[in-house]
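J.:
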Amino acid sequence: MSASKNQNISQKVLTDNLRELEKAKLIKHKVYAEVPPKVEYSLTPLGKSLESVLQSLSICGEQYKDSDTLKAKITI
Numbered sequence: 009m010s011a012s013k014n015q016n017i018s019q020k021v022l023t024d025n026l027r028e029l030e031k032a033k034l035i036k037h038k039v040y041a042e043v044p045p046k047v048e049y050s051l052t053p054l055g056k057s058l059e060s061v062l063q064s065l066s067i068c069g070e071q072y073k074d075s076d077t078l079k080a081k082i083t084i
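Counting from 9, one number per residue, gives the positions in the sequence shown under my numbering.
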């Protein structure tokens with residue numbers, strides 16, 4: 009199963025986000041010479057150093073996701 013199907017996001021959005029994370033040196037990828045093609049992503053040391061911060065943000069988001077406390081209006 010592809011990651012985009014697993015997360016309900018488009019392939020383009022997934023690819024763009026992965027490229028940005030690679031550009032920021034937070035993840036790296038390894039391509040396997042297989043059919044069908046296989047690519048594996050993993051955290052770099054920099055990405056691993058942010059793991060506890062991201063886990064804390066995720067926990068906070070889960071706790072308040074249905075609350076009006078953290079809802080903000082975003083204007084683009």
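A virtual CB, placed ideally from N, CA and C, is assigned to each residue, including glycine.
Would you call the CB atoms of E59 and L51 closer than 8 Å?
T.: Going by C-beta atoms, E59 is nearer than 8 Å to L51.
J.: Which partner residues does L51 have in the DSSP bridge list?
T.: The partner list for L51 (beta bridge, DSSP) reads I35.
J.: Report the partner residues of Y40 according to the DSSP bridge assignment.
T.: Beta-bridge pairing links Y40 to K46.
J.: One question on the structure: do L65 and L34 come within less than 8 Å of each other, judged by their Cβ atoms?
T.: Cβ distance not < 8 Å, so L65 and L34 don't count as in contact.
J.: Between which two residues does the alpha helix (DSSP H) harbouring S60 extend?
T.: 59–72 is the span of the alpha helix (DSSP H), which, as asked, contains S60.
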